[in-house]
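Residues in the sequence shown are numbered from 1 upward in steps of one, following full-length UniProt numbering. We put the CB at the ideal spot given by N, CA and C, even for glycine. Here the structure is a predicted model, which means the values were calculated and not measured. Step one of this worksheet: look at the structure below.
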Amino acid sequence: MAGSIADNAKVYSKVFKYVPPTPPAHLMNSTNFTLHFNNRKFIHIGIDPTDKFNVRVHIITSSRYVNISPDLLRRVFSMMGHILSFILDQTVKYKRTTFLESDILKLSSMVYSGENVLVIETKNQEGCRILLNRADLLQMQELEWCIFDSINQKCTITRPKILNHVDEFGAYIKEITATAPPENVEEMINVIKNVKVYQNIPMKRIYANQVKMFAAVQLAEICETRRNVKDMDELNENLSMMSPISPISPRFSPINMEPYTQTNMEPYTQTFYMINHADDKSDNANNGLDQNDGSDFFDTTPTSSSTYTHYPATV
Numbered sequence: 001m002a003g004s005i006a007d008n009a010k011v012y013s014k015v016f017k018y019v020p021p022t023p024p025a026h027l028m029n030s031t032n033f034t035l036h037f038n039n040r041k042f043i044h045i046g047i048d049p050t051d052k053f054n055v056r057v058h059i060i061t062s063s064r065y066v067n068i069s070p071d072l073l074r075r076v077f078s079m080m081g082h083i084l085s086f087i088l089d090q091t092v093k094y095k096r097t098t099f100l101e102s103d104i105l106k107l108s109s110m111v112y113s114g115e116n117v118l119v120i121e122t123k124n125q126e127g128c129r130i131l132l133n134r135a136d137l138l139q140m141q142e143l144e145w146c147i148f149d150s151i152n153q154k155c156t157i158t159r160p161k162i163l164n165h166v167d168e169f170g171a172y173i174k175e176i177t178a179t180a181p182p183e184n185v186e187e188m189i190n191v192i193k194n195v196k197v198y199q200n201i202p203m204k205r206i207y208a209n210q211v212k213m214f215a216a217v218q219l220a221e222i223c224e225t226r227r228n229v230k231d232m233d234e235l236n237e238n239l240s241m242m243s244p245i246s247p248i249s250p251r252f253s254p255i256n257m258e259p260y261t262q263t264n265m266e267p268y269t270q271t272f273y274m275i276n277h278a279d280d281k282s283d284n285a286n287n288g289l290d291q292n293d294g295s296d297f298f299d300t301t302p303t304s305s306s307t308y309t310h311y312p313a314t315v
């Protein structure tokens with residue numbers, strides 16, 4: 001019994017070390033709102049290059065943060081009246097209320113430092129959990145329209161422009177690395193970071209430097225993927241030209257893998273018919289046979305008229 005008490009004493013006297021979460025990704029064209037300056041609580045809204053350049057919302061405190069989507073933020077605001085009714089209520093120790101729980105987000109209330117607070121926790125990221133008290137929630141409610149105006153602007157205007165800049169930046173990188181392409185993504189990142197945007201890119205690109213600074217890894221991966229796809233297309237083309245067998249039928253083309261239909265075969269049928277029946281007046285499409293059609297050709301009887309002279313049979 002004494003041994004178990006000693007073991008329990010070691011467990012209860014264990015000192016837990018604070019492990020900070022992974023820092024959030026840099027947001028492009030970020031807009032910031034302050035909830036409480038003294039407590040270092042802010043809201044950042046911007047384009048996240050690590051999440052396919054989607055709009056993300058970071059609610060940041062002095063030691064932690066949460067990364068949520070605009071849709072989840074709308075759900076939080078839709079429940080704000082219900083949440084405030086619990087937060088403004090009298091504090092009851094050890095009482096916890098769960099407002100919303102999904103595979104990604106959990107909203108609940110708890111008592112911290114003698115007052116009710118809202119706990120926002122993301123389940124897909126370890127250690128991402130923040131506490132918002134009554135003053136923070138009221139300030140957040142006042143900023144609701146400003147927050148969603150910024151979100152709508154970034155979704156409808158900023159994000160398409162940034163995607164366009166990424167595409168044109170990638171085209172420029174492809175042009176300057178055509179003669180000596182980088183061997184891997186790391187070398188491609190170095191090439192991107194050494195580009196002088198205003199001197200080398202002749203177009204007005206207000207987000208080009210942000211793409212270079214915050215999305216160099218994503219841009220390098222895009223360039224590498226496009227180059228691999230191009231190399232694969234060229235390989236397929238070379239293999240089809242070097243093949244010792246008959247020319248590949250259009251219905252089994254290695255590039256166009258569409259299923260055979262009457263619509264997509266009409267251009268090919270008309271082409272073969274015009275080539276093989278320039279002198280034939282017949283409209284029978286079955287006459288368009290070629291010696292390269294395969295072994296089935298010799299199992300069919302040609303219906304076209306012969307060009308040889310017919311002599312009468314001997315009596």
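(1) Return helix, strand or coil for ARG226, following the three-state DSSP convention.
(2) Could you name the residues of the same chain whose beta carbon sits closer than 8 angstroms to that of TYR65, not counting the 5 residues immediately before and after it, in chain order?
(3) Measuring straight from C-alpha to C-alpha, what distance separates ALA216 and LYS193?
(4) Exposed or buried, MET188, counting other C-beta atoms within 10 Å across all chains shown (16 or more means buried)?
(5) Buried or exposed: THR158, going by 16 or more other Cβ atoms within 10 Å of its Cβ?
(6) Which of the three DSSP states, helix, strand or coil, is assigned to GLY170?
(7) Can you list, in chain order, the residues of its chain with a C-beta nearer than 6 angstroms to that of GLN139? Leave out the 5 residues immediately preceding and following it.
(8) Could you tell me which residues DSSP puts in a beta bridge with LEU118?
(9) Please state the DSSP three-state secondary structure of LEU88.
(10) Beta-carbon within less than 8 angstroms of ASN40's beta-carbon, same chain only, minus the 5 sequence neighbours each way: which residues are those?
(11) Which class does GLU101 belong to by DSSP, given the choice of helix, strand or coil?
(12) Could you spell out the range, first to last residue, of the alpha helix (DSSP H) harbouring VAL211?
(13) Whole angstroms is fine: what's the gap from ASN54's alpha carbon to THR31's?
(14) Is it right to say LEU235 is buried, meaning 16 or more other beta carbons lie within 10 angstroms of its own, or is it exposed?
(15) Under the criterion of a Cβ to heavy atom distance below 7 angstroms, does ARG40 qualify as lining the ligand GDP?
(16) Output the distance between the C-alpha atoms of VAL111 and THR98, rounded to the nearest integer angstrom.
(17) Which word fits SER85, buried or exposed, when buried means at least 16 other C-beta atoms lie within 10 angstroms of its C-beta?
(18) For the alpha helix (DSSP H) that LYS193 lies in, which residues bound it at each end?
(19) Among GLU115, ARG134 and ILE176, which one has its Cα closest to the Cα of LYS93?
(20) In chain order, what residues of the same chain lie with their CB nearer than 7 angstroms to the CB of ASN67, ignoring the 5 residues before and after it?
(21) Would you call the region 212-228 in contact with the region 173-181, where contact means no fewer than 3 C-beta pairs closer than 8 angstroms?
(22) Output needed for ILE151: all residues of its chain with C-beta closer than 7 angstroms, excluding positions within five of it in sequence on either side, in chain order.
(23) Based on DSSP bridge pairs, tell me the residues matched to ARG56.
(24) Thinking C-beta only, is GLY170 closer than 8 angstroms to ILE222?
(25) Spatial neighbours of ASP103 within its chain, please: CB distance less than 7 angstroms, with the 5 preceding and 5 following residues excluded, ordered by chain position.
(26) Could you tell me the distance, in whole angstroms, from the CA atom of ALA135 to the CA atom of GLU183?
(27) Taking the Cβ atom as the reference point for each residue, do LEU118 and LEU137 lie within a distance shorter than 8 angstroms?
(28) Roughly how many angstroms separate the alpha carbons of LYS161 and LYS212, rounded to a whole number?
(29) Out of curiosity, what's the CA-to-CA distance linking residue 343 and SER108?
(30) Please report the distance separating the alpha-carbon of THR52 from that of MET80.
(31) Would DSSP call ASN32 helix, strand or coil?
(32) By DSSP's criteria, LYS161 is part of a beta bridge. Which residues make up the other side?
(33) Between the C-alpha atoms of GLU142 and PHE77, what's the straight-line distance to the nearest angstrom?
By the coordinates alone:
(1) Look at ARG226 here: in three-state DSSP terms it is helix.
(2) PRO21, PRO24, HIS58, ILE59, CYS128 and ILE130
(3) Cα to Cα, ALA216 sits roughly 7 angstroms from LYS193.
(4) buried
(5) Buried is the call here.
(6) helix
(7) LEU35
(8) SER109 and LEU132
(9) It is coil, neither helix nor strand.
(10) Correcting the residue identity first, residue 40 is Arg in this sequence and not Asn. Within the same chain, ARG40 has close Cβ partners ILE60, THR61 and SER62.
(11) strand
(12) 208-214
(13) 14 angstroms
(14) Confidence is the limiting factor: at LEU235 the pLDDT is only 47, short of 50, which leaves the residue's position unreliable, though a coordinate-based value still follows. With fewer than 16 Cβ atoms within 10 Å of its Cβ, LEU235 is classed as exposed.
(15) Among the components modelled here there is no ligand, and therefore nothing to report on the ligand GDP.
(16) 13 angstroms
(17) exposed
(18) Looking at the DSSP string, the run of the alpha helix (DSSP H) that includes LYS193 is 185-193.
(19) Per the Cα distances, GLU115.
(20) PRO24, ARG56, HIS58, THR122, GLN125 and CYS128
(21) yes
(22) ILE45, VAL55 and PRO70
(23) GLY46
(24) yes
(25) Within the same chain, and ignoring the five residues on either side of ASP103 in sequence, the residues whose Cβ sits closer than 7 angstroms to its Cβ are LYS123.
(26) 54 angstroms
(27) yes
(28) 15 angstroms
(29) There is no way to answer for residue 343, as the model of the chain reaches only from 1 to 315.
(30) It should be pointed out that residue 52 corresponds to Lys in this sequence rather than to Thr. Cα-Cα distance, rounded: 29 angstroms.
(31) In the three-state reduction of the DSSP assignment, ASN32 falls in the strand class, which pools E and B.
(32) Partner(s): none; LYS161 has no beta bridge.
(33) 11 angstroms
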